[in-house]
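Following: one structure in structure tokens, then a few remarks.
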Ligand SMILES: Nc1ncnc2c1ncn2[C@@H]1O[C@H](COP(=O)(O)OP(=O)(O)OP(=O)(O)O)[C@@H](O)[C@H]1O
Ligand SMILES: [Mg+2]
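Take a look at the structure:
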């Protein structure tokens, strides 16, 4: 599904050079639920952003579904993200000026989908996360857990093959985190969606197929709990 | 993209207010300086409202200025060869009279018959006076329709009836559709043939009560008329008395704008009066337009910074830079178009209201479409530059940076 080969990411500012990712090679199989752990600042988000083509590596190669991502135009990258990848962020990143339903419809806005079809798919996605009664609300009127469920609905509405979740439960209490985790597990088992999730919670990580640990930008260990 | 209502309102307000004020100002300008009813030949007519005799010899600084006397006009202006026609009329004056049980305050003018040839008044009934009227010493008057309605009753025919002006009973021989008072060379409620003016004929001074209009055969003749008149003026002997011994006569025939701007800051004897005014007006308009433009630029930039995370989100979920920039373009152009439409509708409504209100009787303001369209295009350009450039820069950022906001 996804393969990283010798990925390096260096942040340069005027005074310092940060080696955020150091020679990372990683394979994610189709249908796998992978978790990533590591101390703060070790490069987890950086890695996820590179997987999601939101950021470019300084060197190394990314392959998604056998396509080497290299020299893609902005337009091609956008289209690729739109069709293949769904993002879930720790801080939700919803558009506060838009009601919930419009937020969920967002990925479909950049596809050739009729507005009726968009509405239908977004409603279904919201039903999946148990929020169909909040469609007309605005994000600011929702709790953190509800916001994250809206974000999940948005990530899945376009039926991407890959979901990248950066600490999706990081801002939530354990009960809510539990619920979010269940939704992700459901997506993984029922729809065979590949999921890569960054987490600080051992318990969550243990529910996934495999856990890799990062330290100072390098992969240090890998635990297989289950197989996909 | 959905915009914040408040920002939308501010931008819209800025755009439409600016455009509206520009439209209204030019409309008033046209109303006063454009050649409109009944002065349809204004662009090939030259005007003189005043002459000035001056004595600056031996440290003196005496001058006498004012309209012209009949004798002056007959001797030095009517005799010009280049103009097609020369007409004169007295400077506007008011008189009180009683009609229909009401006290009326009327503007009156004494004119010569040529006045009716250079102006193109519409006669609702009757006809103008002519040379025979004057030769036969008839006591007649032409009045405008408001005066007819006030003095004789609404819609009542006035021809042959008598109106009392300055203690004189005048027979009404014509009723014209009135024109706004801003056209001061021609506007009046009552027009009388100049022989009824008793004071001036005896006046042998240069100064008197009359203003002059000289119609050229073509626009190309205007400078030639001016040159001929200047030549004449140089040779006019200046009457001197014990108190005032003028050496110089300042007198010239000028296009309408210059003759009206004679006492303003724009006045410039080298003939660039109008150019100066236009330069000033254009600078003013630009300055004036730049206010909402800067406001718009500011709002757009701050909004885009504020919405950078939105741009990041949209890019993460598949919007390309191009799509986003297009959205900004459409958003800005739509906003400007709506602002323009609001401005047009509001100015249209204001003008309609103003024209039918009696603030200026007979007002005939209209929208100057050329100015409206130029201003409109400029605001679209501003809108585009201010909205699209920052959006374009923002959309070039890596998505992660935009997401961080
Ligand atoms: N835009 C940037 N410019 C410079 N350095 C950066 C930038 N983004 C991240 N870094 C640095 O790269 C390293 C990895 O950052 P990253 O955000 O990937 O860590 P993380 O593992 O996600 O941490 P956390 O658990 O706190 O989210 C950090 O040292 C960080 O300071
Ligand atoms: Mg992080």
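Chains as they are written, first to last, in this note's numbering: chain A, 826 to 1053; chain B, 9 to 413. C-beta: ideal position from N, C-alpha, C; glycine also. Note that this is a predicted model, so its numbers are computed, not measured.
Within 8 Å of any Cβ in chain A, is that where the Cβ of residue i sits?
i                      : result
residue 15 of chain B  : no
residue 399 of chain B : no
residue 18 of chain B  : no
residue 408 of chain B : yes
residue 411 of chain B : yes
residue 321 of chain B : yes
residue 330 of chain B : yes
residue 24 of chain B  : no
residue 325 of chain B : yes
residue 314 of chain B : no
Under the assumption that residue i contacts residue j (Cβ atoms under 8 Å), give the Cβ distance between them as a whole number of angstroms.
i                       : j                       : result
residue 222 of chain B  : residue 88 of chain B   : 7 Å
residue 103 of chain B  : residue 153 of chain B  : Their Cβ separation, rounded to whole angstroms, is 18 Å, which puts residue 103 of chain B and residue 153 of chain B out of contact at 8 Å.
residue 833 of chain A  : residue 882 of chain A  : 6 Å
residue 267 of chain B  : residue 55 of chain B   : 4 Å
residue 850 of chain A  : residue 830 of chain A  : 5 Å
residue 1039 of chain A : residue 1022 of chain A : Not a contact, Cβ separation roughly 13 Å.
residue 320 of chain B  : residue 411 of chain B  : 4 Å
residue 959 of chain A  : residue 971 of chain A  : 6 Å
residue 861 of chain A  : residue 872 of chain A  : 7 Å
residue 1020 of chain A : residue 858 of chain A  : 5 Å
residue 370 of chain B  : residue 186 of chain B  : 5 Å
Would residue i be called buried (16 or more neighbouring beta carbons within 10 Å of its own) or exposed?
i                       : result
residue 928 of chain A  : buried
residue 983 of chain A  : buried
residue 1044 of chain A : buried
residue 105 of chain B  : buried
residue 212 of chain B  : exposed
residue 98 of chain B   : buried
residue 31 of chain B   : buried
residue 1034 of chain A : buried
residue 909 of chain A  : buried
residue 242 of chain B  : exposed
residue 338 of chain B  : exposed
residue 956 of chain A  : buried
residue 286 of chain B  : exposed
residue 868 of chain A  : buried
residue 1014 of chain A : exposed
Tell me residue i's beta-bridge partners as DSSP assigns them.
i                       : result
residue 221 of chain B  : B/55, B/95
residue 182 of chain B  : B/134, B/150
residue 927 of chain A  : Its beta-bridge partners do not exist; DSSP assigns none.
residue 847 of chain A  : Its beta-bridge partners do not exist; DSSP assigns none.
residue 63 of chain B   : B/70
residue 366 of chain B  : Paired residue(s): none; residue 366 of chain B is not in a bridge.
residue 831 of chain A  : Per DSSP, none; premise fails for residue 831 of chain A.
residue 991 of chain A  : A/1023
residue 1038 of chain A : A/862, A/1046
residue 81 of chain B   : Paired residues: none, contrary to the question.
residue 111 of chain B  : B/106
Got a sec: is the Cβ-Cβ distance from residue i to anything in chain B below 8 Å?
i                      : result
residue 932 of chain A : yes
residue 920 of chain A : yes
residue 966 of chain A : no
residue 785 of chain A : This structure gives no information on residue 785 of chain A, because the portion of chain A shown stretches from 826 to 1053.
residue 986 of chain A : no
residue 939 of chain A : no
residue 880 of chain A : yes
residue 991 of chain A : no
residue 860 of chain A : no
residue 899 of chain A : yes
residue 996 of chain A : no
Taking only heavy atoms of ligand 4 into account, decide whether any of them is closer than 7 Å to the Cβ of residue i.
i                      : result
residue 865 of chain A : Ligand 4 is not among the ligands present in this structure, which contains only ligand 1 and ligand 2.
Anything in chain D within Cβ reach of residue i, meaning under 9 Å, just list it in chain order.
i                      : result
residue 935 of chain A : Within the model displayed, chain D is absent; protein chains A and B are what it includes.
Between the stretch 180-195 of chain B and the stretch 158-172 of chain B, do at least 3 Cβ pairs fall closer than 8 Å? They touch, by the three-pair rule.
Would the stretch 892-899 of chain A count as touching the stretch 989-999 of chain A if we require 3 or more Cβ pairs under 8 Å? No, the stretch 892-899 of chain A is not in contact with the stretch 989-999 of chain A.
Inter-stretch contact at 8 Å, needing at least 3 Cβ pairs: the stretch 332-347 of chain B / the stretch 392-408 of chain B: These segments touch.
contact_flag[the stretch 911-919 of chain A, the stretch 963-979 of chain A] where n(CB pairs < 8 Å) is 3 or more: Cβ pair count under 8 Å is three or more, so yes.
Any 3 or more C-beta pairs closer than 8 Å across the stretch 949-960 of chain A and the stretch 345-358 of chain B: Under the 8 Å Cβ criterion, the stretch 949-960 of chain A does not count as touching the stretch 345-358 of chain B, having fewer than three qualifying pairs.
Is it the case that the stretch 245-261 of chain B contacts the stretch 1025-1043 of chain A, given that we only count it when at least three CB pairs across the two stretches are under 8 Å? They do not touch, by the three-pair rule.
Three or more C-beta pairs below 8 Å linking the stretch 127-147 of chain B and the stretch 231-239 of chain B: Taking 8 Å as the limit for Cβ pairs, the verdict is that the stretch 231-239 of chain B does not touch the stretch 127-147 of chain B.
With a cut-off of 8 Å, do at least 3 Cβ pairs link the stretch 54-73 of chain B to the stretch 371-388 of chain B? Between the stretch 54-73 of chain B and the stretch 371-388 of chain B there are fewer than three C-beta pairs closer than 8 Å, too few to call the two in contact.
Is the stretch 194-204 of chain B in contact with the stretch 110-123 of chain B, if contact means three or more CB pairs nearer than 8 Å? Yes, the stretch 194-204 of chain B is in contact with the stretch 110-123 of chain B.
Cβ pair count under 8 Å reaching 3, the stretch 348-368 of chain B against the stretch 928-938 of chain A: Not touching, per the Cβ criterion.
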